[in-house]
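Participant: All residue numbers for the sequence shown refer to my numbering, where the first residue is 160 and numbers rise by one. Note that the Cβ used here is the ideal one computed from N, Cα and C, for glycine as well. Please read these numbers as outputs of a predicted model, since none were measured by experiment. The following block contains the structure, expressed as structure tokens.
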Amino acid sequence: RRHSRVRVPLLAYFGPRIPLGAAMAQYGKSEYWEERYTRDPEPFDWYQRWAGLKDTLLEYVQPAHSIMMLGAGNSRLSEEMYEEGFHNITNIDISMVVTKAMQEKYRDKPGMTYVQMDARSIEVPDQNFNVVVDKATLDSILCGEGSTHNAQKMLSEVSRVLMPNGVYIAISHGQPSYRLTYLQRPEFGWNVKIYTVQKPMMGMTASLSADDKENVHYVYVCVKGEAPAGDGK
Numbered sequence: 160r161r162h163s164r165v166r167v168p169l170l171a172y173f174g175p176r177i178p179l180g181a182a183m184a185q186y187g188k189s190e191y192w193e194e195r196y197t198r199d200p201e202p203f204d205w206y207q208r209w210a211g212l213k214d215t216l217l218e219y220v221q222p223a224h225s226i227m228m229l230g231a232g233n234s235r236l237s238e239e240m241y242e243e244g245f246h247n248i249t250n251i252d253i254s255m256v257v258t259k260a261m262q263e264k265y266r267d268k269p270g271m272t273y274v275q276m277d278a279r280s281i282e283v284p285d286q287n288f289n290v291v292v293d294k295a296t297l298d299s300i301l302c303g304e305g306s307t308h309n310a311q312k313m314l315s316e317v318s319r320v321l322m323p324n325g326v327y328i329a330i331s332h333g334q335p336s337y338r339l340t341y342l343q344r345p346e347f348g349w350n351v352k353i354y355t356v357q358k359p360m361m362g363m364t365a366s367l368s369a370d371d372k373e374n375v376h377y378v379y380v381c382v383k384g385e386a387p388a389g390d391g392k
């Protein structure tokens with residue numbers, strides 16, 4: 160059977176992309192998401208489902224880990240991970256509409272929680288999660304006004320809530336030349352590894368970018384500094 164996924168560290172430089180059109184700016188606005196989830200409550204996944212990501216993510220995510228899902232929306236990713244034994248997933252989204260809907264949908268799944276929260280101001284203690292997963296949330300923020308400032312705020316919060324040896328995983332359409340400038344900031348101390356995964360067939364998921372012509376998505380695995388000796392987390 161022909162393999163549908165590619166999982167190799169990506170070292171080559173990729174040339175510049177065409178800038179996102181003005182129509183994409185709505186993705187950076189909370190009002191847009193409230194209206195969208197009110198109008199269309201059906202499950203929706205950006206970029207990838209768990210099946211397309213698991214080969215890469217299983218190297219970094221364990222069932223015992225405490226996981227935060229950034230901008231979870233009504234994606235099925237958390238549900239699919241839950242079904243495979245990941246039972247400690249905190250899902251946050253800026254939309255109260257979708258948060259309430261997901262709370263109701265998954266009320267019978269212990270350990271699967273949904274909280275309305277802004278990723279730029281994550282209301283949890285420091286060093287609280289082993290893993291933070293972000294599927295298209297950084298991309299959405301980078302579509303909006305004040306994108307650089309807002310992305311920096313979100314990533315600073317991600318760094319704060321990660322445990323000393325925690326991992327931030329960002330699934331993105333953005334090439335390394337456009338994303339590493341945000342992820343490789345010295346204050347985060349992240350070792351960034353880059354993987355690619357084949358895009359699913361049309362109709363399975365959706366893309367944020369109208370000019371997205373490549374046949375891969377990028378998975379940025381950002382590993383926080385090594386834990387102190389004796390820290391078994």
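Just checking my contact of Leu229 with Val292 at CB under 8 Å: how many whole Å lie between their CB atoms?
Facilitator: About 7 Å; that satisfies the 8 Å criterion.
Participant: Count the CB pairs spanning the stretch 236-250 and the stretch 297-314 that are closer than 8 Å, and state whether there are at least three.
Facilitator: Contact fails: fewer than three Cβ-Cβ distances are below 8 Å.
Participant: Which residue comes first and which comes last in the alpha helix (DSSP H) that contains Val317?
Facilitator: 306-320
Participant: Between which two residues does the beta strand (DSSP E) holding Gln357 run?
Facilitator: 350-357
Participant: From Val326 to Thr215, what distance separates their C-alpha atoms?
Facilitator: 13 Å
Participant: Roughly how many angstroms lie between the CA atoms of Gln343 and Tyr379, to the nearest whole one?
Facilitator: 11 Å
Participant: Taking buried to mean at least 16 other C-beta atoms within 10 Å of its own C-beta, is Asp285 buried or exposed?
Facilitator: Classification of Asp285: exposed, given that the 10 Å Cβ count is below 16.
Participant: Smallest Cα separation from Gln221: which of Pro202, Ala231, Tyr241?
Facilitator: Tyr241
Participant: To the nearest angstrom, how far is it from the Cα of Met360 to the Cα of Ala210?
Facilitator: Cα-Cα distance, rounded: 13 Å.
Participant: Tell me the rounded alpha-carbon separation between Gly384 and Gln262.
Facilitator: 34 Å
Participant: If you compare alpha carbons, which of Met271, Arg319, Ile253, Val351 is closest to Glu239?
Facilitator: Met271
Participant: For a test of the three-state rule: what should DSSP assign to Tyr377, helix, strand or coil?
Facilitator: In this structure, Tyr377 counts as strand in the three-state DSSP scheme.
Participant: Going by the DSSP bridge assignment, what does Val326 pair with across the sheet?
Facilitator: Val290, Val382
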